[in-house]
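Under our numbering, think of the first position of the sequence shown as 47, with each following residue one higher. Glycine included, every Cβ here is placed at the ideal spot set by N, Cα and C. All values derive from a computational prediction rather than experimental measurement.
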Amino acid sequence: MAGRSAPARHPNRTLVSRVRAVPGIRAVSTYRREWLVKDLVAGVVLTTLLVPQGMAYAELAGLPAITGLYTSVLCLLGYAVCGPSRILVLGPDSALGPMIAATVLPLVAADGDPERAVALASVLALMVAAVMILASVAKLGFIADLISKPTMIGYMNGLALTILIGQLPKLLGFSVDADSLIGECAGFVRSLAGGAAVPAAAAVGIGGIVVVLVLQRFLPKVPAVLVMVVLAIGSAVVFDLGVALVGELPEGFPPFTVPDVRPADLPLLLGGALGIALVSLTDTISNASAFAARTGQEVRGNQEMAGVGVANLAAGLFQGFPVSTSGSRTAVAERAGARTQLTGVVGAVLIVLMLVLVPGLFRDLPQPALAAVVITASLSLADVPGCVRLWRQSRTEFLLCCAAFVGVALLGVLPGIAVAVALSVLNVFRRAWWPYHTVLGRVPDLEGYHDVRSYPQARQLPGLVIYRFDAPLFFANARTFRDEIRRLAGTDPRPAWIVVAAEPMTDVDTTAADVLEDLDAELNADGVHLVFAELKDPVRRKIERYELTRTIDPRHFFPTVGAAVAEFRRRTGSEWTDGGR
């Protein structure tokens, strides 16, 4: 019947379709029976890494070891429901630990109240969750690109050094009270010279590092961290070493908790949450991309952000702290045969069973062994070969890497991430501010027009200069463009035409338009014409909107450089000359 409207979609069907779109529900509906054994085995293997690392990274963040286990359980379950990746593993992270500590510890009272520290860390996790989920809704996954690879290498190297220096006293059985890397170094040296090191603690800690590194190097399929932890516990029980132990963990699991903090703390926590979210986002996108390439999956950056956000939300509501993806734990799960997020669910269930049934399992684990876990993780963060490669390939980017490293080492972890972002943005601005520009010529037996720096033998047309400016023309570089055109116009013999090969010129702003107008008038007065070739249509329309064609002759716009050269030759009869005008 004419005019009949389409039937409205049934609300129940809409609800069902939305439920089915949840990654966890979709994974259950498409699960294959032959994956079950592999996921169960991988979950058991993964748990052997989750428990010691969870406790170690919690202490790295300045929190009780038990919170690392709470966090591991909830983030695994949260990501299993809402995370799009089949095998990506989330949890406490060595890169985030110092950032959490730098945010939370200054707000904790002088007596170091652990309950307040946990509440602050939980609020921090909720803030990170809010940032990640809002970024996902707004489709802001590109924000991960704010940190370039050279600055990220420098940041991670600085972070690795910070973690290493901070864990050395614990590794040797004493503590240092300092607020900066230099202070920690000085305090460590003074304490070491004063005989503060405990031989038994040093033996456990250094021996633990050796065991982990040797097994990772020569027997990569063996769970190195678990072997080291078992040996450390055995040594503490058999030899009564007299070193600090983890002690009895609280039995059971924490209830749903809305953390209670002072309103005055929230602005200070927000800054840390933004930095943590940025690092977590960068980690997530890079790890998801790497493992998706191996399994043939497609990376869905915005869904990944939502999944990580939900994982942080779950952790924050059960006395946990911010989490991120883990490349090392994901690699362990993959090598163990993981097929789906059931691997993480198995790991979470096993941790809960341990807390309920055998909370004293790690009672005799020496604290230096946890320091060894953190130090070996910090070594994996460092990328010295990457620095060497930058030194060989690009000295500018090597200096950016060094600046980010120094920013973390001297200013601290949170200011260091701000330095890394600022350097990345400034490097982009620098490239646009001082872009590459050159004169082009014609090379025998080679089509087109080419850089005379690469081809000194390139031919030129007397009276014509072909100039390429490899950037959009805007307020910051317009004067650089103007000065170079002036220089070319002032050469002897003076050119009649300066043809701008404008294909790389993707934009012209109003400041640059004013500069072009004044420049064209100035050149015309000296008998030189400014000509544009290969200007993109959107940029040409902007130039017309700016009314630049009042001064720049509309006939001086050509579709190609070849067309501009042909018109110049038609008017002047000029012939190509070798190696210059």
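Which of helix, strand or coil does DSSP assign to residue i?
i    : result
L363 : coil
W622 : coil
G70  : helix
F264 : helix
G49  : Unreliable positioning characterises G49 in this predicted model, as indicated by a pLDDT of 47, which lies under 50. The coordinate reading is nonetheless provided below. Correct three-state label for G49: coil.
L205 : helix
G241 : coil
T386 : coil
V276 : helix
F475 : helix
F234 : helix
I193 : coil
G137 : strand
Y103 : helix
A506 : According to the sequence as given, residue 506 is Gln; it is not Ala. DSSP places Q506 in strand when its eight states are reduced to three.
L425 : helix
R409 : coil
T537 : coil
W543 : strand
L287 : coil
R601 : helix
F521 : coil
S221 : coil
Just mark residue i as buried or exposed, buried being the case when its beta carbon has 16 or more other beta carbons within 10 Å.
i    : result
E621 : exposed
Y495 : buried
S182 : buried
T552 : exposed
S75  : exposed
V292 : buried
T556 : exposed
T623 : exposed
K216 : buried
A232 : exposed
M47  : For M47, the predicted model reports a pLDDT of 43, less than 50, meaning its position is unreliable; a value from the coordinates is still stated below. Flag for M47 reads exposed.
P130 : buried
What residues in its chain sit with their C-beta under 6 Å from that of residue i, if we drop five residues either side in the sequence?
i    : result
K84  : G383, R385
R132 : T386
G70  : A126, V127
D516 : P481, Y482, P550
L272 : T94
L136 : C121, Y125, A357, V369, T371
G453 : G462, V465
What's the gap between the Cα of residue i and the Cα of residue j?
i    : j    : result
V169 : E161 : 12 Å
T499 : T484 : Inspection of the sequence shows that residue 499 is occupied by Arg rather than by Thr. Approximately 8 Å between the Cα atoms of the pair.
R587 : D599 : 15 Å
E380 : A88  : 8 Å
C40  : A360 : Nothing can be reported for residue 40, as the shown portion of the chain is limited to 47 through 627.
S374 : V97  : 14 Å
G573 : L469 : 44 Å
V283 : P414 : 15 Å
A559 : F527 : 12 Å
N570 : D497 : 26 Å
V119 : G355 : 15 Å
A248 : L218 : 4 Å
L315 : P144 : 14 Å
N523 : W479 : 5 Å
T618 : R435 : 51 Å
S221 : G241 : 12 Å
F364 : A243 : 37 Å
G626 : L565 : With a pLDDT of 44 at G626, under the threshold of 50, the predicted position of this residue should be treated as unreliable, and no value is reported.
A52  : V402 : Unreliable placement is indicated for A52, whose pLDDT of 48 sits below 50; the coordinate value is still reported in the next sentence. Computed Cα separation, rounded: 56 Å.
L180 : Y592 : 38 Å
Please return the same chain residues whose Cβ sits closer than 8 Å to the Cβ of residue i, not counting the five positions on each side in sequence.
i    : result
S281 : V250, L287, P412
Q213 : L106, A417, V420, I421, S424
R409 : L291, V292, G293, E294, L295
H575 : A542, W543, I544, L569, D599, H602
V392 : D85, L86, A88, G89, V90, L92, T93
V398 : V119, F299
V554 : P518, L519, F520, L562, V585, K588, I589, Y592
Which residues in the same chain as residue i place their Cβ atom closer than 7 Å to its Cβ, once the five residues preceding and following it in sequence are excluded?
i    : result
V177 : A319, L320, A323
R505 : G487, R488, W622, T623, D624
V378 : V91, L92, L95
| said: Between the stretch 264 to 271 and the stretch 293 to 300, can you find at least three pairs of beta-carbon atoms closer than 8 Å? | reply: No, the stretch 293 to 300 is not in contact with the stretch 264 to 271.
| task | Inspect the CB distances between the stretch 435 to 453 and the stretch 276 to 289 and report whether three or more fall short of 8 Å. | result | no
| said: I'd like to know if the stretch 486 to 493 and the stretch 223 to 232 are in contact, where contact means that at least 3 CB-CB pairs between them fall below 8 Å. | reply: no
| request: Mind the definition here: the stretch 609 to 616 touches the stretch 501 to 517 only if three or more C-beta pairs lie below 8 Å; say whether that holds. | output: yes
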